[in-house]
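Q:
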Amino acid sequence: MNEPVFWLDDKAIPFRDGQTVMTAVTAAGHYIPHLCHHPDLTPHGSCRLCIVQIDGRIRAACTTPAQANMKVTFDTTLLNQQRRQIVELLFAEGNHLCPSCEVSGNCQLQALAYDLGMTHSEFAPLYPQRETDGSHPDIFVDQDRCIFCELCTRSARELDQKNIFGISGRGSHTYLLAHSDSGKLGDTALTETDRAAHICPVGCLLPRNGNYQIPIGERLYDAQPIHIRGNHRPDDGEFTP
Amino acid sequence: MKRSQPDQPDTSQATGLLSRCTPRHEWNADLASQWLQQRFGRPWKRADLLQALIVIQHHFGSVTPVAQQWLAHHCQTDRAEIRALIHFYHFLEEDDPLPLRIRFASNIIEQHQGLQALLEQLQHSVHQHARVSKTACIGLSDQGPAALVNGFPLTHLNARRIEAIAEKLQQQVPLQEWPAEWFRVEENVRVAGPLLSFHPDPGNFIPNIRARDPHAIINEIKTAGLRGRGGAGFPTGVKWEHCAATPAPQRYVVCNADEGEPGTFKDRVLLQRHADAVFCGMALCGHAIGARHGIVYLRGEYLFLFAPLQQRLQHWRTQQWLGDHFDIEIHLGAGAYVCGEETALLESVEGKRGIPRVKPPFPVQHGLFGMPTVVNNVETFAAAAWIAEQGADAFRQSGTPQSAGTHVHSVSGDCAKPGIYELPFGTPLDQLLTLCGATDCVLVQVGGPSGVMVDSSGFQQPLAHESMSPGGSIMVFDHSRAHLDIARNFTAFFKDESCGFCTPCRAGCQILQRDLQQPSHRIDTQALRQLAQLVNDTSHCGLGQTAGRPVLFWLDREHP
Numbered sequence: 001m002n003e004p005v006f007w008l009d010d011k012a013i014p015f016r017d018g019q020t021v022m023t024a025v026t027a028a029g030h031y032i033p034h035l036c037h038h039p040d041l042t043p044h045g046s047c048r049l050c051i052v053q054i055d056g057r058i059r060a061a062c063t064t065p066a067q068a069n070m071k072v073t074f075d076t077t078l079l080n081q082q083r084r085q086i087v088e089l090l091f092a093e094g095n096h097l098c099p100s101c102e103v104s105g106n107c108q109l110q111a112l113a114y115d116l117g118m119t120h121s122e123f124a125p126l127y128p129q130r131e132t133d134g135s136h137p138d139i140f141v142d143q144d145r146c147i148f149c150e151l152c153t154r155s156a157r158e159l160d161q162k163n164i165f166g167i168s169g170r171g172s173h174t175y176l177l178a179h180s181d182s183g184k185l186g187d188t189a190l191t192e193t194d195r196a197a198h199i200c201p202v203g204c205l206l207p208r209n210g211n212y213q214i215p216i217g218e219r220l221y222d223a224q225p226i227h228i229r230g231n232h233r234p235d236d237g238e239f240t241p
Numbered sequence: 001m002k003r004s005q006p007d008q009p010d011t012s013q014a015t016g017l018l019s020r021c022t023p024r025h026e027w028n029a030d031l032a033s034q035w036l037q038q039r040f041g042r043p044w045k046r047a048d049l050l051q052a053l054i055v056i057q058h059h060f061g062s063v064t065p066v067a068q069q070w071l072a073h074h075c076q077t078d079r080a081e082i083r084a085l086i087h088f089y090h091f092l093e094e095d096d097p098l099p100l101r102i103r104f105a106s107n108i109i110e111q112h113q114g115l116q117a118l119l120e121q122l123q124h125s126v127h128q129h130a131r132v133s134k135t136a137c138i139g140l141s142d143q144g145p146a147a148l149v150n151g152f153p154l155t156h157l158n159a160r161r162i163e164a165i166a167e168k169l170q171q172q173v174p175l176q177e178w179p180a181e182w183f184r185v186e187e188n189v190r191v192a193g194p195l196l197s198f199h200p201d202p203g204n205f206i207p208n209i210r211a212r213d214p215h216a217i218i219n220e221i222k223t224a225g226l227r228g229r230g231g232a233g234f235p236t237g238v239k240w241e242h243c244a245a246t247p248a249p250q251r252y253v254v255c256n257a258d259e260g261e262p263g264t265f266k267d268r269v270l271l272q273r274h275a276d277a278v279f280c281g282m283a284l285c286g287h288a289i290g291a292r293h294g295i296v297y298l299r300g301e302y303l304f305l306f307a308p309l310q311q312r313l314q315h316w317r318t319q320q321w322l323g324d325h326f327d328i329e330i331h332l333g334a335g336a337y338v339c340g341e342e343t344a345l346l347e348s349v350e351g352k353r354g355i356p357r358v359k360p361p362f363p364v365q366h367g368l369f370g371m372p373t374v375v376n377n378v379e380t381f382a383a384a385a386w387i388a389e390q391g392a393d394a395f396r397q398s399g400t401p402q403s404a405g406t407h408v409h410s411v412s413g414d415c416a417k418p419g420i421y422e423l424p425f426g427t428p429l430d431q432l433l434t435l436c437g438a439t440d441c442v443l444v445q446v447g448g449p450s451g452v453m454v455d456s457s458g459f460q461q462p463l464a465h466e467s468m469s470p471g472g473s474i475m476v477f478d479h480s481r482a483h484l485d486i487a488r489n490f491t492a493f494f495k496d497e498s499c500g501f502c503t504p505c506r507a508g509c510q511i512l513q514r515d516l517q518q519p520s521h522r523i524d525t526q527a528l529r530q531l532a533q534l535v536n537d538t539s540h541c542g543l544g545q546t547a548g549r550p551v552l553f554w555l556d557r558e559h560p
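In order, the protein sequence lines correspond to chains A and B. Residues 1 to 241 in the numbering used here are what the first sequence lists, from first letter to last. Residues 1 to 560 in the numbering used here are what the second sequence lists, from first letter to last.
1) Counting only the same chain and skipping the five closest in sequence on each side, list residues whose C-beta sits under 7 Å from that of Thr22(B).
2) Can you find a CB in chain B that lies within less than 7 Å of the CB of Leu151(A)?
3) Once the 5 residues before and after Lys71(A) are set aside, which same chain residues still bring their CB inside 6 Å of it?
4) Let me know the secondary structure DSSP gives Ser12(B) once reduced to three states.
5) Do Asp160(A) and Arg130(A) have their C-beta atoms closer together than 7 Å?
6) Can you list, in chain order, the residues of the stretch 151-179 of chain A whose Cβ is nearer than 9 Å to any Cβ on chain B?
7) When you compare only the Cα positions, how much space is there between Gln431(B) and Val338(B)?
8) Check the Cβ of Leu126(A) against every Cβ in chain B and list those closer than 8 Å, keeping chain order.
9) What residues match up with Phe140(A) in a beta bridge as DSSP calls it?
10) Let me see if you follow: with CB-CB separation under 7 Å, is Ala119(A) close to chain B or not?
11) Using C-beta distances below 6 Å, list every residue in its chain close to Glu110(B), excluding the 5 sequence neighbours before and after it, in chain order.
12) What's the C-alpha gap between Leu49(A) and Phe140(A)?
13) Would Leu116(A) pass as an interface residue toward chain B - the criterion being a Cβ-Cβ separation below 7 Å?
14) Can you pull the chain A residues whose beta carbon is under 9 Å from the beta carbon of Gln69(B), in chain order?
15) Output, in chain order, the set of chain A residues within a Cβ distance shorter than 9 Å of Glu497(B).
16) Going by DSSP in three states, Tyr337(B) sits in which element: helix, strand or coil?
17) Enumerated in chain order, which unbroken segments of the alpha helix (DSSP H) with a length of 4 residues or greater are wholly contained in the stretch 479-516 of chain B?
18) Between the Cα of Gly203(A) and the Cα atoms of Thr26(A), Arg233(A) and His37(A), which residue gives the shortest distance?
19) Can you name the residues of chain B whose CB is closer than 8 Å to the CB of Thr63(A)?
20) Quick one: what does DSSP say Gln53(A) is sitting in, helix, strand or coil?
21) Taking its Cβ as the centre, do 16 or more other Cβ atoms sit within 10 Å of Arg16(A), making it buried, or is it exposed?
22) Out of curiosity, what's the CA-to-CA distance linking Gly171(A) and Phe501(B)?
23) At the 7 Å Cβ level, is Leu206(A) part of the contact set with chain B, yes or no?
24) Could you please give the first and the last residue of the uninterrupted alpha helix (DSSP H) stretch that includes Thr26(A)?
25) When we look at the beta-carbon of Arg79(B) and count the other beta-carbons within 10 Å, is it buried (16 or more) or exposed?
26) Taking the DSSP output, what are the residues bridged to Ala404(B)?
27) Would you report the Cα separation of Arg549(B) and Asn536(B), rounded to the nearest angstrom?
28) Would you identify the three-state DSSP class for Leu534(B), choosing helix, strand or coil?
29) Hey, quick one: how far does the alpha helix (DSSP H) through Lys168(B) stretch, first residue to last?
30) What residues in its chain sit with their C-beta under 6 Å from that of Val126(B), if we drop five residues either side in the sequence?
31) Grouping DSSP H, G and I as helix and E and B as strand, with all else coil, what is Gln314(B)?
32) Which residues in the same chain have their Cβ closer than 8 Å to the Cβ of Leu433(B), if we skip the five residues on either side of it in sequence?
33) Fully enclosed by the stretch 261-323 of chain B, which beta strand (DSSP E) runs are 3 residues long or longer?
34) What separation, rounded to the nearest whole angstrom, lies between the Cα atoms of Gln13(B) and Gln176(B)?
35) Determine the direct distance from the alpha carbon of Glu150(A) to that of Gln314(B), and round the result to whole angstroms.
36) Closer than 6 Å by C-beta to Val375(B): which residues in its own chain qualify, once you throw out the five before and the five after it? Chain order, please.
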């Protein structure tokens with residue numbers, strides 16, 4: 001029996017039952033920009049970078065189940081512009097100062113900004129002033145860089161079987177929280193070997209050791225853009241400088 | 001049948017329910033246990049946490065760290081989880097040292113009625129006795145300016161009334177001794193159609209429907225062409241059918257009484273006057289889909305309706321109209337517009353932050369606690385009960401082929417007779433404007449900030465799903481109002497109410513709101529248009545997908 005397919009622009013994408021547009025497209029060797037999606041975790045649909053157009057409506061590829069013969073529009077001027085603007089919104093919302101950031105060159109937000117042709121932010125920054133948390137011996141938290149992708153909350157729950165992170169507040173007051181009575185990360189059960197400690201796509205959850213050790217020019221996205229390299233970190237076991 | 005009558009003297013103190021007369025206490029764990037026992041009448045668990053927080057806040061004024069620790073211990077969780085809820089719901093506080101909290105409704109209607117001056121007047125005179133702030137629309141635009149004091153509404157505010165309130169505050173007169181007339185909430189029914197004349201007798205209604213075939217009920221609702229009255233207009237019978245067809249050990253009926261769309265107050269009036277009709281509709285749905293549990297999700301702003309509705313439900317139980325076959329409980333919201341979105345509402349009923357879920361799956365397949373769930377608006381349930389009693393043919397006699405029946409409109413703003421108007425679907429907007437005495441009408445916002453702004457070129461349009469979906473709110477603006485001010489108010493509303501889940505809505509609304517505050521000649525209209533469109537196109541839920549509309553309507557009209 002023929003495998004069912006759907007169409008990503010003019011490409012036929014085979015899929016299995018239960019796959020989303022994102023997982024099927026990735027399995028077929030193509031890249032859809034994303035930040036909150038991770039193959040090992042439940043889809044989330046919050047960053048909205050993986051927008052595609054289906055039946056005239058814009059949907060998130062990571063939460064849309066694949067269906068036979070579905071027509072998915074991906075590569076258009078407008079969608080690419082909107083993806084770039086979403087990245088610009090994330091830059092404007094947080095304090096993302098690449099030249100001084102520990103994860104510059106390894107950062108998925110920065111890599112997507114390059115990939116989507118962002119040269120500057122159209123939006124004046126909002127300059128949040130969220131709390132930092134230095135209570136944990138191995139992981140430092142700089143909330144001003146949080147993009148609320150919840151990769152940390154999901155990986156702690158689903159991969160480490162721990163309740164470590166969560167999101168609180170609302171709207172412009174949204175913030176990352178640590179599940180302990182004190183609200184400090186140091187009082188949670190997070191350990192350096194947890195997956196959640198090594199999944200942040202930006203510089204919000206920062207390992208205390210190992211920063212600045214890879215020289216500029218040899219970092220993850222220095223050699224290859226993110227649409228080729230994929231969403232990775234130097235410490236996720238798939239990177240050799 | 002007897003109507004629930006919240007205008008009657010407050011009797012809720014006797015029943016121990018959330019009442020205006022509740023005095024504030026210092027934290028005391030024994031009292032807390034006692035009140036929670038009274039509230040739930042059973043052991044309570046993690047899923048009841050939001051309701052527990054509301055009870056704690058009501059009696060103790062805030063949920064202090066000690067109370068949080070106690071709750072965390074009871075639910076076997078950590079304080080951070082408790083704080084996550086407190087920081088999500090506007091009406092929950094971690095720390096409120098003053099005995100009274102006054103929140104002024106800040107919808108554009110109240111803003112036009114002089115809210116700012118009244119708020120400042122009160123703030124200056126009583127800052128050491130009460131915390132004064134703003135909140136979103138509280139469903140009293142027809143009798144504003146209005147405010148909530150410790151959750152209970154003060155209507156018809158003016159400078160003299162504020163002076164009198166300040167005096168009470170300065171003399172530290174307890175809330176229960178304030179004049180009852182200050183708290184009177186009028187019904188203001190201007191035009192009553194079939195629904196607002198409908199008073200079913202549950203003593204007949206309940207046995208009758210229970211003797212009927214569930215499929216026949218669903219078919220009748222489908223034949224009637226009833227569509228959801230919350231704004232989206234989904235066919236109700238189809239929703240019930242899908243829910244009934246999903247195999248599951250149990251199902252739920254949820255009544256969405258989180259009437260948060262600014263300028264809407266029709267559901268408040270339906271719950272004030274026609275609670276029996278709403279409960280009958282819920283019982284009907286329960287029988288049709290095979291559900292034994294009904295939940296009314298009542299917005300926190302309607303706290304004053306909680307006690308009368310609870311008492312009414314208690315009466316229903318003593319009459320055995322409710323019982324093992326079907327029972328209804330009330331869940332309170334705590335100030336979150338987004339919880340009007342059906343999946344956010346379900347999250348909230350489960351005691352979590354109101355973050356809209358990914359759809360599909362839809363609630364009819366995977367709803368409350370993962371079970372198939374029908375979520376319908378208050379008016380939809382009342383209309384369903386009407387159909388069960390009067391028949392589908394009678395229902396179809398008013399309205400249009402695609403939008404059958406009548407619709408209840410909440411009218412406010414620059415008109416002589418703000419209030420409630422029940423009109424057949426398809427009634428042209430200008431007919432409603434004539435009825436309400438809007439003689440100098442320039443702009444009309446139909447369906448609230450998430451709806452459409454109509455100028456005189458659209459006044460002939462019919463109010464129906466096939467033209468402009470009316471939702472529940474009609475706000476009228478005369479020539480003295482600036483469209484930009486309206487857009488600013490609505491955009492600030494969306495910014496405050498964004499749940500923060502997805503990037504475009506969370507970050508986009510902040511930037512829209514900030515950039516719109518500039519003097520009009522400095523606004524980069526092209527950039528603003530692009531951003532508003534981005535928010536609408538790419539957001540996760542219905543809130544974000546309409547949050548750019550007020551900006552776009554303003555730009556289309558003034559910067560085409």
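Even glycine gets a Cβ: it sits at the ideal position worked out from N, Cα and C.
A: Working from what's here:
1) His58 and His59
2) no
3) Trp7
4) Because Ser12(B) carries a pLDDT of 44, less than 50, the predicted location of this residue cannot be relied on, and no value is offered for it.
5) no
6) Asn163, Gly166, Ile167, Ser168, Gly169, Arg170, Gly171, Ser172, His173, Thr174, Tyr175, Leu177, Ala178 and His179
7) 32 Å
8) Ala507, Gln510, Ile511 and Arg514
9) Leu206(A)
10) It is worth fixing the name first, because residue 119(A) is Thr in this sequence and not Ala. Not one chain B Cβ lies under 7 Å of Thr119(A).
11) Gly144 and Pro145
12) 26 Å
13) no
14) Asp181
15) Arg170 and Gly171
16) helix
17) 483-497 and 503-516
18) Arg233(A)
19) Val358
20) strand
21) exposed
22) 8 Å
23) no
24) Val21 to Ala27
25) buried
26) Gly399(B)
27) 7 Å
28) helix
29) Ala159 to Gln170
30) Ala166 and Leu169
31) helix
32) Cys415, Cys441, Val444, Phe459 and Val476
33) 293-298
34) Note that Gln13(B) has pLDDT 43, beneath the 50 cutoff, so the model's placement of it is unreliable and the number below is only indicative. One C-alpha to the other measures close to 10 Å.
35) 43 Å
36) Val254, Asn256, Glu342 and Pro363
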